[in-house]
Structure formats: C-alpha cells, structure tokens
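What follows is a single structure, written as structure tokens, with notes after it.
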Amino acid sequence: MRSPTLYWHIPNKAALVTALAEAILGEQFSELPRLKPDERRQDWLTDIAERLRRALLAHPDGARILSASQLSLTMAAISELAMSGLVARGVALRQARVIVLTVERFTVGHVLEEQAPRPNADDVDMARSPSDSRP
Amino acid sequence: MIAGVTEYFEPGRTVDELFRECLDVVITGATVTAGPTD
C-alpha cells in the first residue's frame, strides 16, 4: 500500500500509530482481565503486565509504537481497569494511578530494551574496559 | 558486579525470568506505600 493511499483512510501519522497500537494491544486485551475476589492484587497486576509484554513482543517495534501512540483507547481502558481494581481494594486513587503508571512504564521500557537493535559485534571491543571510554 | 552478571546469565535463565523478577520488585515496591498487600 502506498503512502497516499494509506492517508486516504487514515488522516495522519499520529492516527496511524494509534491504530497500530490498538491492533497490537487487541490481541492480548480483547477481553480485559477483571480482578477476582480471591485474587491477590499483586498477582493480578503481574498478569496485566505480562499480557502487555506479550502483546508488545508479538510485533516488531511493538513497544516503540505503543510509546509513540498518543491516544490508545485500549491502553486507557487497561489503565482504568488496573486503577479501579486497586481502588476497590482500598488503595487511594492517587496512589493507584502512580502504581499503575509505574508498572506500565517499567513494562514498556523493558520491552523497548528487548526490541532494541543488537550492537554489531564488530563494533564492540571486549578487550576494552568500560572505564576506558570515560572522560 | 561481574559476579552478579555471571550468575544472572548462567545457562537456563531466561529474559522472561528477568522480567518477572524485576516486575515483582516494581510491584512490591509500589504497593508498599499503598498499605498492606492482599
């Protein structure tokens, strides 16, 4: 598909990136995992983070696409779900927001590193100490 | 530090395990300030 054809359907690059993010997240979050009454909130948050990681790893540059997307409704729904689950367990809303943001940012950051291009082995001099490059 | 890196990347350990262990630290740390965990 050529660029002009694509933009006939999608107004701009931001909308395209957001649509890609929606598609990436949709595979793992077509159904949002609700917090069960007997489930520990830590385990539930871990499950959400692991789903998020799987979704991002399933696509090249998945983490980069998600971090560049401006308004993913699915990501917003995931955040809302996680926050409301914590609040339902007695966590203050502001604290719940910080916890959810921390878990999301860690997960996306972790996958960004996993998906980063590997350095060219020819460019790495293993005989040099890291301190050699310090000023 | 080198010993820690060597231990971490010993045969059989995976990136999935690294993620899970780090995530445990993140979630445990985050929930400490939110009161007792479940």
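Residue numbers (our numbering), protein chains in the order written: chain A, 10 to 144; chain B, 2 to 39.
C-beta atoms are modelled at their ideal positions from N, C-alpha and C, and glycine is treated no differently.
- Relative to residue 33/A, the option among 44/A, 51/A, 130/A and 117/A whose CA is nearest is 117/A.
- In this structure, residue 15/A lies near residue 25/A, with their beta-carbon atoms less than 9 Å apart.
- Close to residue 54/A, with beta-carbon spacing below 7 Å, are these residues of chain B in chain order: 28.
- Going by C-alpha positions, residue 108/A is about 38 Å away from residue 130/A.
- With 16 or more neighbouring CB atoms inside 10 Å of its own CB, residue 74/A falls in the buried class.
- Taking a beta-carbon distance threshold of 9 Å, residue 21/B counts as an interface residue toward chain A.
- Where residue 75/A is concerned, the enclosing alpha helix (DSSP H) starts and stops at 71-77.
- Annotated three-state conformation of residue 108/A is helix, per DSSP.
- In the three-state reduction of the DSSP assignment, residue 41/A falls in the coil class.
- Rounded to the nearest angstrom, the gap between the Cα atoms of residue 90/A and residue 115/A is 18 Å.
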